[in-house]
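**Q** Here it is: the structure, laid out below.
In this note's numbering, the protein residues as written are 48 to 190.
Shown next as structure tokens:
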């Protein structure tokens with residue numbers, strides 16, 4: 048298995064990540080997803096990295112650099128998704144290692160992310176990768 052980590056920046060590259068991201072974000076259709084990612088790239092500095100094998104997307108991570116009053120500069124992971132058929136092969140660890148290296152090179156103090164409470168398999172993965180739970184993430188819909 049020859050894996051390559053690359054970025055997704057163009058409309059076609061972003062579109063190629065959709066089928067993997069849809070596994071985490073099934074509420075998004077492809078057109079909406081591509082438009083949202085392009086907007087977030089322009090307005091929020093979002094970046095996408097992709098693990099590919101022979102032009103097949105196996106995993107996607109989207110992230111941005113943020114400055115927080117309580118901890119300084121961080122690399123915030125919006126989404127990290129490994130295709131269901133490619134899990135438990137070290138690909139998620141490979142993506143996180145790349146994200147940590149990117150954060151280090153940009154002077155970030157840590158990597159942060161949120162994970163829905165029901166995603167127990169993801170939680171086990173993040174624990175194995177050295178993450179810990181430090182806070183509650185509260186949310187309230189605006190009527």
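Just so you know, even glycine gets a beta-carbon here, dropped at the ideal spot from N, CA and C.
Only a predicted model underlies this, so the values are computations on that prediction, with no experimental measurement involved.
Report the residue from 110, 163, 94, 64 whose alpha carbon sits nearest the alpha carbon of residue 186.
**A** Comparing Cα positions, the closest option is 163.
**Q** Report buried or exposed for residue 195, applying the criterion of at least 16 other Cβ atoms within 10 angstroms of its Cβ.
**A** Because the chain here runs from 48 to 190, residue 195 falls outside it and cannot be looked at.
**Q** Here's a check: name, in chain order, each residue in its chain whose Cβ is nearer than 6 angstroms to the Cβ of residue 114, leaving out the five neighbours to either side.
**A** Excluding positions up to five away in sequence, the list reads 120.
**Q** Are the stretch 99-115 and the stretch 133-141 touching, with three or more C-beta to C-beta distances below 8 angstroms?
**A** Cβ pair count under 8 angstroms is three or more, so yes.
**Q** Just to check my reading of the structure: residue 182 and residue 156 have Cβ atoms closer than 8 angstroms, yes? What is that Cβ distance to the nearest angstrom?
**A** Not a contact, Cβ separation roughly 16 angstroms.
**Q** Whose C-beta lies closer than 6 angstroms to the C-beta of residue 84 among residues of the same chain, with five residues either side of it excluded?
**A** These residues qualify, in order along the chain: 61.
**Q** Quick check: the Cα distance between residue 161 and residue 176, rounded to an integer number of angstroms?
**A** Near 14 angstroms, if we compare the C-alpha coordinates of residue 176 and residue 161.
**Q** So, is residue 203 buried or exposed, given that buried needs 16 or more other C-beta atoms within 10 angstroms?
**A** Within the shown structure, residues of the chain are numbered from 48 to 190, placing residue 203 beyond reach of any answer.
**Q** Which first and last residues belong to the beta strand (DSSP E) in which residue 51 is found?
**A** Per DSSP, residue 51 belongs to the beta strand (DSSP E) from 51-54.
**Q** With DSSP as the reference, please indicate the residues paired to residue 126 in a beta bridge.
**A** In DSSP, residue 126 forms a bridge with 109.
**Q** Can you tell which of 133, 171, 122 has its C-alpha closest to the C-alpha of residue 148?
**A** It is 122 whose Cα lies nearest to the Cα of residue 148.
**Q** Along the alpha helix (DSSP H) that carries residue 61, what are the first and last residues, could you check?
**A** First-last of the alpha helix (DSSP H) with residue 61: 58-63.
**Q** Go ahead and label residue 96 buried or exposed: buried means 16 or more other beta carbons lie within 10 angstroms of its beta carbon, across all protein chains shown.
**A** Buried, by the Cβ-count rule.
**Q** Determine, using beta carbons only, whether residue 94 and residue 111 come nearer to each other than 8 angstroms.
**A** In contact: residue 94 and residue 111 (Cβ atoms closer than 8 angstroms).
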